[in-house]
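There are 2 protein chains.
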Amino acid sequence: MFSIGELSRRTGVKVPTIRYYEEIGLLTPAGRSAGNQRRYDAAGLERLGFIRHARALGFGIDEILSLIDLQQHPDRSCQSAMEIAEAQLAAVRDKIAQLRSLEQELSRIADGCEGSGPARQCYVLRSLSDHGLCSNPH
Amino acid sequence: MFSIGELSRRTGVKVPTIRYYEEIGLLTPAGRSAGNQRRYDAAGLERLGFIRHARALGFGIDEILSLIDLQQHPDRSCQSAMEIAEAQLAAVRDKIAQLRSLEQELSRIADGCEGSGPARQCYVLRSLSDHGLCSNPH
DNA sequence: GGTAGTCTCTCTAGTGGCTAGAGGTTCAAG
DNA sequence: CTTGAACCTCTAGCCACTAGAGAGACTACC
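In structure tokens form, the structure reads like this:
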């Protein structure tokens, strides 16, 4: 049994974040000390590692709740886990596509400006004023 | 002179968003009607188009404030505009790189699971529990 | 000039996923 | 038994909006 600070050190998750996870029902301490301080065990450590990893991969809190729920019922089908992962993958790919389109526009816009002239002629400012100068829709 | 609803229709920016932009100092109406309703002119329309375009490219409110400030002083050097654009481009590229790394992990994880077995064996759940299964750092 | 129906007003609160800080209590080492 | 770090709860703030309540203004038609 160890403290929240120890748990934080072992997982790299900040103390207030751990408390926040408790508040939203992701992680409950194994118990409390006589003086009401949180105490965690190995299961809590593992759980927080799971959460951290899932967050790093971009899963939202609701998805993580579902995944944890599934993890606690090992006899159920893992179909929903796969669906959640695929949905996340699709969301990431979508985002990448959007960002690539932005990258293209931004590099075109930034390249068009030398940074040396007056703002009147600035290609950055002109591009923002006139959407017609863009090659992509966004 | 036209109403906020008309401005919204012409730009595709929602009415509450326009009011929010006013609150944070991005866009002031040209005036008010006798009954205190906002009235906009062509300059407001143009300004909101600029803001919308900049937001679509991912610029933050502070950056947009700076860009508008520069736009209103056409004799100043446009260096800062270029810097802002390049910083945004760099941020977008960073984000893309991060997302690509996530994409790789996620597709590996999702591919490892058939969705048909019990949760006990689910590769998605096992991957999240054991960071060591990952090939990328994230 | 009345009225119906749409638009607009201000204000408050909520979103997601935390982060920061105040003011007070508990713990562990010496 | 004291010191100082760690911990507690609670509130407020971040970004860029979005939603909704309750009240007032505008416009088209009769």
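Same order as they appear, the protein sequences are chains A and B.
Read left to right, the first sequence gives residues 0 to 137 (numbering that gives the first Met the number 0).
Read left to right, the second sequence gives residues 0 to 137 (numbering that gives the first Met the number 0).
Heads up, the beta-carbon is just placed ideally off N, CA and C, and yes, glycines get one too.
It should be emphasised that the depicted structure is a prediction, and the values quoted were computed from it without experimental measurement.
- Between D74(A) and chain B, the shortest Cβ-Cβ separation is below 8 Å.
- Following the DSSP letters along the chain, one finds K13(A) in no alpha helix (DSSP H), marked with neither H nor E.
- Here S76(B) is bridged, per DSSP, to P117(A).
- Remark: C-beta atoms of A53(A) and L66(A) approach each other more closely than 8 Å.
- At a cut-off of 8 Å between beta-carbon atoms, F49(B) makes contact with chain A.
- At a C-beta separation below 7 Å, V12(B) has no neighbours in chain A, since its nearest C-beta there lies roughly 13 Å away.
- Taken through DSSP and simplified to helix, strand or coil, F49(A) comes out as helix.
- Taking the Cα of P15(A) as reference, the smallest distance to any Cα among D93(A), R37(A) and L69(A) is reached at R37(A).
- Taking A29(B) as the centre and dropping the five residues before and after it, the same chain places the C-beta of M0, R38, Y39, D40, A42 and G43 closer than 8 Å to its C-beta, in chain order.
- Around P117(B), the same chain offers no residue with a beta carbon nearer than 8 Å, after the five sequence neighbours per side are excluded.
- DSSP, reduced to helix, strand and coil, places G30(A) within a strand of the structure shown.
- Taking a 10 Å sphere around the C-beta of G57(B), we find 16 or more other C-beta atoms and assign the residue as buried.
- Put simply, the CB of M0(B) is far from chain A, with every gap to its CB atoms at 8 Å or more.
- Look at the beta carbons and you see the stretch 104-114 of chain B not touching the stretch 64-80 of chain B: under three pairs across the two are nearer than 8 Å.
- Burial of E104(A) is indicated by the presence of at least 16 other C-beta atoms within 10 angstroms of its C-beta.
- Between the alpha carbons of Q70(A) and L64(A) lies a distance of about 10 Å.
- Chain A has a Cβ within less than 8 Å of the Cβ of S128(B).
- In the DSSP assignment, Y39(A) is bridged to F1(A).
- Within chain B, E102 have C-beta atoms less than 8 Å from the C-beta of R92(A), given in sequence order.
- Listed by position along chain B, the residues whose Cβ is nearer than 8 Å to that of E45(A) are S128.
- If the five residues before and after G34(A) are omitted, its C-beta is found closer than 7 Å to no C-beta atom of its own chain.
- Nearest to I108(B) by alpha-carbon distance, out of G59(B), R18(B) and L124(B), is L124(B).
- Residue-level contact check: R9(A) does not touch chain B, since none of the beta carbons of chain B fall below 8 Å from its beta carbon.
- The beta carbon of A90(B) sits closer than 8 Å to those of G57, all from its chain and outside the five residues before and after it, given in chain order.
- Within the same chain, Cβ atoms closer than 6 Å to the Cβ of S100(A) are found at N135 and H137, the five residues on either side in sequence being excluded.
- E22(B) is classed as exposed because its beta carbon has fewer than 16 other beta carbons within 10 Å across all chains shown.
- Counting only Cβ-Cβ distances below 7 Å, R54(B) has no contacts in chain A at all, with the closest Cβ about 10 Å away.
- With respect to the C-alpha of R31(A), the residue from V12(A), S2(A) and R9(A) having the closest C-alpha is S2(A).
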